[in-house]
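Position one of the sequence shown corresponds to residue 810 (my numbering), numbered consecutively onward. The structure appears below as structure tokens.
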Amino acid sequence: MRKICPRCGSHNVKWIIPQNWSQWICYDCDYTDPIIEGNQELADEIHESYMESQKDE
Ligand SMILES: [Zn+2]
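Printed below as a string of structure tokens:
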């Protein structure tokens with residue numbers, strides 16, 4: 810299991826506030842909030858739908 814950004818599927822996440830375990834930051838999409846754990850398959854899935862949602866903008 811790895812830490813995954815639930816928004817873009819990136820592993821480039823960091824725990825920023827030691828007092829608040831649920832507060833994480835994703836350096837790829839600037840997401841800040843609880844992170845999720847999952848395998849590479851899940852990460853790829855999230856990343857794909859994230860790319861899809863970015864297309865139209
Ligand atoms: Zn992200």
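The beta carbon of each residue, even a glycine, is placed where N, CA and C say it ideally should be.
Can you give me the Cβ contacts of Asn848 inside the same chain, cut-off strictly under 8 Å, excluding the 5 residues immediately before and after it?
Numbered from its first residue, the sequence shown carries residue 848 at position 39. Only Met810, Arg811 meet the Cβ criterion.
Taking C-beta to C-beta, are Cys817 and Asp837 nearer than 8 Å?
Residue mapping note: residue 817 aligns to position 8 of the sequence shown, counting from 1. Residue mapping note: residue 837 aligns to position 28 of the sequence shown, counting from 1. Yes, they are a contact pair.
On the criterion of 16 or more Cβ atoms from any shown chain inside 10 Å, does Trp824 qualify as buried, or is it exposed?
Within the sequence shown, numbered from 1, the residue matching residue 824 stands at position 15. Exposed, by the Cβ-count rule.
With H, G and I counted as helix, E and B as strand and the rest as coil, what does DSSP make of Asp884?
Residue coverage of the chain in this structure runs from 810 to 866, which leaves residue 884 outside it and unanswerable.
Would you kindly work out how many angstroms separate the C-alpha atoms of Pro827 and Ile834, rounded to a whole number?
Residue numbering aside, residue 827 sits at position 18 when the sequence shown is read from its first letter. Residue numbering aside, residue 834 sits at position 25 when the sequence shown is read from its first letter. C-alpha separation (whole angstroms): 12 Å.
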